[in-house]
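Chemist: Below you'll find the structure I mean.
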Amino acid sequence: SPFSAVSSLKCAKVHKMQTQVEYSVRTIVDPHDIDPKLLQKLAYDALVWCSLRGLLVGDKSSERSGTLPGVGMVHAPVALLPMSFPESHWKQACEVAPIFNELVDRVSQDGEFLQQSLSRTKKVDPFTSRLLEIHSKMLEINKIEEIRLGLHRSDYMLDEQTKLLLQIELNTISSSFPGLSCLVSELHRSLLQQYREDVASDPNRIPINNAVNQFAEALAKTWNEYGDPRAVIMFVVQAEERNIKTLAEIDALGELQEDGTLIVDGQAVAVIYFRAGYAPNDYHSESEWEARLLMEQSRAVKCPSISYHLAGTKKIQQELAKPNVLERFLENKDDIAKLRKCFAGLWSLDESDTVKDAIERPGLYVMKPQREGGGNNIYGEDVREALLKLQKEGTGSDAAYILMQRIFPKISHSILMREGIPHKEQTISELGIYGTYLRNKTQVLINQQAGYLMRTKVSSSNEGGVAAGFAVLDSIYLV
Ligand code: ADP
Ligand code: MG
Ligand code: MG
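Residue numbers 67 to 545, in our numbering, belong to the letters of the sequence shown in order.
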């Protein structure tokens, strides 16, 4: 079998590894310069590693994929080698993770700020309006969330011209890839180790990535704080996934006990982890909204609660970037300065000078609605067209969007692995830093940086998520 052939190849390599190699400190090879034969070997071993270690996703081209676990899998789209990333910016991104966690928690407690900031958006964006409706119901009954769990991911691009690490967005719901991102870091460490003589890079320059365990630990500790050994952690998923509950099932099977305990299918629920519910498509009918409200009313710990969810919207990101707004939520001046340093230019569409400039120079802006999950933003000439159209309509529908400074990261050389084939591409990358936060009443039990996700995409693509087929999972090599 091909696998046994590979293991004997690996044995041969082990002998060679005994002789110590001097690393060329702080560099990694240009992947486009790798000798074609070596490239083939690296790519093959990467594929073996993915298959054996579960760096896999469902294969859309296989009909039965998703119907049965373990059927129709393909290796995840990955970069063959890690992407160089400056150590100073890596440290900066890690350092602000707990401050952003704290900020989300503080903002979530200011119901008036959330309602006020989103009031114009509410009028023109039915999805955000439904979320706000649940939020105001909770304000009315003075619903208190004693235990708060945040599983966040703050995303950054490194602006080439200014050398600034700038935040793209902060995700507070369904932060994706804590599992696969750890495996990619391991894959890259393993390849650098195995091919240390050929690529002469130091595998230890890839930071250890423990996101999946840190997310699991935060969920487990939250469950523990809830304090009912018979209660479960419920994963809320989109309809094609298995094993877990959809919003529609929760509406059909869920009920609240007098004390607020949520029972689903006869089982008490301690913690609800949303892997769905962030997009309008997740709410096919009223029943999904009923389910969301039912969960919010319950005493189960929601990850995220409705207010954490709203605190992660692009509109709130833009409001927080206005002068003197961070000061409303944080006391420590150093912390405030650190967050502000990674804010890109962000504007509301009622700032007419900016809108005018964006119509003149649309390439310097990204226009964003209140959506998650990729594929929703507007770029380039489309920005101009969209802005002119909104101006013409004049119905206030501009409040559905924000404008953001377009960030231009450095273009690198990468080899992107897709469906078993290595592709040499010109790429740009986005670094996500996970953060975990757990508080019970006044006691903060967890507040930390919790691993990372590097995504690399072809430089010509505006957006392109991993699932959409433009971006791949990557790791970082500190330089
Ligand atoms: P979503 O919540 O849908 O992920 P994002 O704000 O992360 O929305 O935007 C999606 C993608 O668009 C990002 O992953 C990034 O590739 C690109 N993008 C977003 N904002 C900018 C920006 N200001 N400059 C350059 N690219 C951006
Ligand atoms: Mg997002
Ligand atoms: Mg994003």
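Virtual Cβ for every residue (Gly too), placed ideally from N, Cα, C. Computed from a predicted model, the values in this text were never measured in an experiment.
Which partner residues of TYR292 appear in the DSSP bridge assignment?
Modeler: Position 226 of the sequence shown, counted from the first residue, corresponds to residue 292. According to DSSP, which records beta bridges pairwise, TYR292 is partnered with nothing at all.
Chemist: Take the Cβ of ASP101 as the centre, count every other Cβ of all protein chains shown within 10 Å, and call the residue buried at 16 or more, exposed below.
Modeler: Here residue 101 refers to the residue found at position 35 when the sequence shown is read from its first residue. That one is exposed.
Chemist: When you compare each of SER267, PRO273, THR238 to LEU249 by their alpha carbons, which one comes out closest?
Modeler: Sequence index remark: in the sequence shown, residue 249 carries index 183 (1-based). Among SER267, PRO273, THR238, the Cα nearest to that of LEU249 is on PRO273.
Chemist: On the CB-based measure, 16 or more other CB atoms within 10 Å of its CB, does ILE487 come out buried or exposed?
Modeler: The residue given as residue 487 occupies position 421 in the sequence shown. Result: exposed.
Chemist: Cα separation between SER195 and GLY535?
Modeler: Along the sequence shown, one-based indexing puts residue 195 at 129. Along the sequence shown, one-based indexing puts residue 535 at 469. Their Cα atoms are separated by approximately 31 angstroms.
Chemist: At the level of alpha carbons, what is the spacing between LEU217 and LYS368?
Modeler: Residue numbering aside, residue 217 sits at position 151 when the sequence shown is read from its first letter. Residue numbering aside, residue 368 sits at position 302 when the sequence shown is read from its first letter. Approximately 11 angstroms, taken between the alpha carbons.
Chemist: Hey, would you say PRO148 sits closer than 8 angstroms to ILE542, going by beta carbons?
Modeler: Sequence index remark: in the sequence shown, residue 148 carries index 82 (1-based). Sequence index remark: in the sequence shown, residue 542 carries index 476 (1-based). Yes, these two residues count as a Cβ contact at 8 angstroms.
Chemist: Tell me whether GLU438, by its Cβ, gets closer than 7 angstroms to a heavy atom of ligand 4.
Modeler: Because ligand 4 does not appear in the structure shown, any question about it cannot be addressed here, the ligands present being ligand 1, ligand 2 and ligand 3.
Chemist: Does the Cβ-Cβ distance between PRO285 and TYR374 come in under 8 angstroms?
Modeler: Taking the sequence shown and counting its residues from 1, one reaches residue 285 at position 219. Taking the sequence shown and counting its residues from 1, one reaches residue 374 at position 308. For the sequence presented, residue 285 should be read as Leu rather than Pro. No, these two residues do not count as a Cβ contact at 8 angstroms.
Chemist: Compute the beta-carbon to beta-carbon distance between GLY462 and LYS188, rounded to the nearest angstrom, for a pair I have assumed lies under 8 angstroms.
Modeler: Within the sequence shown, residue 462 is the residue found at index 396, counting from 1. Within the sequence shown, residue 188 is the residue found at index 122, counting from 1. Going by Cβ atoms, the distance from GLY462 to LYS188 rounds to 11 angstroms, so no, they are not a contact pair.
Chemist: How long is the line joining the alpha carbons of SER478 and ARG262, rounded to whole angstroms?
Modeler: Translated into positions along the sequence shown, residue 478 becomes position 412. Translated into positions along the sequence shown, residue 262 becomes position 196. Looking at the two C-alpha atoms, the distance is approximately 22 angstroms.
Chemist: How about LEU519 and ARG219: are their beta carbons less than 8 angstroms apart?
Modeler: Locating residue 519 in the sequence shown gives position 453, counting from the first residue. Locating residue 219 in the sequence shown gives position 153, counting from the first residue. In this structure, ARG219 lies closer than 8 angstroms to LEU519 by Cβ.
Chemist: Under 8 angstroms, do ALA145 and ASP540 count as touching if we go by C-beta distance?
Modeler: As a position in the sequence shown, residue 145 is number 79, starting the count at 1. As a position in the sequence shown, residue 540 is number 474, starting the count at 1. The answer is yes: Cβ separation under 8 angstroms.
Chemist: Please state the DSSP three-state secondary structure of ALA334.
Modeler: Taking the first residue of the sequence shown as position 1, residue 334 is located at position 268. Strand at ALA334.
Chemist: Quick check: is any heavy atom of ligand 3 less than 7 angstroms from the C-beta of ASP221?
Modeler: Here residue 221 is taken as the residue at index 155 of the sequence shown, counted from 1. Yes, since a heavy atom of ligand 3 falls inside the 7 angstroms radius drawn around the Cβ of ASP221.
Chemist: Classify PRO366 as buried or exposed, calling it buried when 16 or more other Cβ atoms lie within 10 Å of its own Cβ.
Modeler: Taking the sequence shown and counting its residues from 1, one reaches residue 366 at position 300. Per the sequence shown, the amino acid found at residue 366 is Ala instead of Pro. Buried, because 16 or more other Cβ atoms sit within 10 Å of the Cβ of ALA366.
Chemist: Measure the CB-CB distance between GLU161 and GLN383 and report whether it falls below 8 angstroms.
Modeler: The residue given as residue 161 occupies position 95 in the sequence shown. The residue given as residue 383 occupies position 317 in the sequence shown. No, the Cβ-Cβ distance between GLU161 and GLN383 is not below 8 angstroms.
Chemist: Taking the alpha carbon of PHE394 as the reference point, which residue from VAL137, SER240, VAL173 has its own alpha carbon closest?
Modeler: Translated into positions along the sequence shown, residue 394 becomes position 328. Checking the sequence, you will find Arg at residue 394 rather than Phe. Taking only the C-alpha atoms, the option nearest ARG394 is VAL173.
Chemist: What number of angstroms, rounded off, separates the C-alpha of ARG437 from the C-alpha of LEU313?
Modeler: On the sequence shown, residue 437 is found 371 positions in, with the first residue counted as 1. On the sequence shown, residue 313 is found 247 positions in, with the first residue counted as 1. Using only the alpha carbons, I get a separation of about 19 angstroms.
Chemist: Any contact between the stretch 200-211 and the stretch 402-417? By contact I mean 3 or more CB pairs, one from each, below 8 angstroms.
Modeler: Touching, no, given that fewer than three Cβ pairs across the two stretches are closer than 8 angstroms.
Chemist: Taking the alpha carbon of GLN227 as the reference point, which residue from PRO269, PRO475, MET300, MET204 has its own alpha carbon closest?
Modeler: Residue numbering aside, residue 227 sits at position 161 when the sequence shown is read from its first letter. It is PRO475 whose Cα lies nearest to the Cα of GLN227.
Chemist: Is any heavy atom of ligand 1 found at a distance shorter than 7 angstroms from the C-beta of GLU496?
Modeler: To locate residue 496, count along the sequence shown from 1; it is residue 430. Yes, ligand 1 has a heavy atom inside 7 angstroms of this Cβ.
Chemist: Just to check my reading of the structure: ALA334 and ARG358 have Cβ atoms closer than 8 angstroms, yes? What is that Cβ distance to the nearest angstrom?
Modeler: One-based indexing of the sequence shown puts residue 334 at position 268. One-based indexing of the sequence shown puts residue 358 at position 292. Actually they are not in contact, since the Cβ atoms of ALA334 and ARG358 sit about 19 angstroms apart, beyond 8 angstroms.
Chemist: In whole angstroms, what is the alpha-carbon distance linking VAL123 and SER242?
Modeler: Within the sequence shown, the letter at position 57 stands for residue 123. Within the sequence shown, the letter at position 176 stands for residue 242. So the alpha carbons of these two residues sit roughly 13 angstroms apart.
Chemist: May I ask you to check if the CB of ILE382 is nearer than 7 angstroms to at least one heavy atom of ligand 1?
Modeler: Here residue 382 refers to the residue found at position 316 of the sequence shown. Not under cutoff, so the answer is no.
Chemist: Measuring only between beta-carbons, confirm whether PHE340 sits less than 8 angstroms from chain C.
Modeler: In summary, chain C is missing from the structure at hand, where a single protein chain is found.
Chemist: If you run the structure through DSSP and keep just helix, strand and coil, what is ARG172?
Modeler: Sequence index remark: in the sequence shown, residue 172 carries index 106 (1-based). In the structure shown, ARG172 sits in a helix (DSSP, three-state: H, G or I).
Chemist: Is SER242 helix, strand or coil when you go by DSSP?
Modeler: Numbered from 1 along the sequence shown, position 176 holds the residue referred to as residue 242. Coil at SER242, not helix or strand.
Chemist: Got a sec? Which residues, its chain only, sit under 6 angstroms from ASN442 by beta carbon, not counting five neighbours each side?
Modeler: Here residue 442 is taken as the residue at index 376 of the sequence shown, counted from 1. Contacts found: PRO435.
Chemist: Roughly how many angstroms separate the alpha carbons of SER526 and ALA537, rounded to a whole number?
Modeler: Against the sequence shown, residue 526 aligns to sequence position 460. Against the sequence shown, residue 537 aligns to sequence position 471. Each residue's Cα considered, the two are about 11 angstroms apart.
Chemist: By the DSSP assignment, the alpha helix (DSSP H) with ALA533 in it spans what residues?
Modeler: Position 467 of the sequence shown holds residue 533. That residue, ALA533, is in no alpha helix (DSSP H); it is neither H nor E in DSSP.
Chemist: Roughly how many whole angstroms lie between the Cα atoms of MET470 and VAL421?
Modeler: The count along the sequence shown starts at 1 and reaches residue 470 at position 404. The count along the sequence shown starts at 1 and reaches residue 421 at position 355. Their Cα atoms are separated by approximately 11 angstroms.
Chemist: Going by other Cβ atoms of all chains shown within 10 Å of its Cβ, with 16 needed for buried, is ASN309 buried or exposed?
Modeler: Residue 309 sits at position 243 when you count from the first residue of the sequence shown. Only weak support is given to the placement of ASN309: the predicted model assigns it a pLDDT of 46, under 50, and the question is left unresolved by the model.
Chemist: Within the present structure, is the beta-carbon of ASN237 separated from the nearest heavy atom of ligand 2 by less than 7 angstroms?
Modeler: Counting from 1 along the sequence shown, the entry for residue 237 is found at position 171. Yes, Cβ of ASN237 sits closer than 7 angstroms to a heavy atom of ligand 2.
Chemist: Counting only the same chain and skipping the five closest in sequence on each side, list residues whose C-beta sits under 7 angstroms from that of GLN175.
Modeler: Position 109 of the sequence shown, counting from 1, holds the residue named residue 175. Result list for GLN175: empty, nothing under 7 angstroms.
Chemist: Can you give the Cα-Cα distance for ALA112 and TRP413, rounded to whole angstroms?
Modeler: Numbered from 1 along the sequence shown, position 46 holds the residue referred to as residue 112. Numbered from 1 along the sequence shown, position 347 holds the residue referred to as residue 413. Computed Cα separation, rounded: 43 angstroms.
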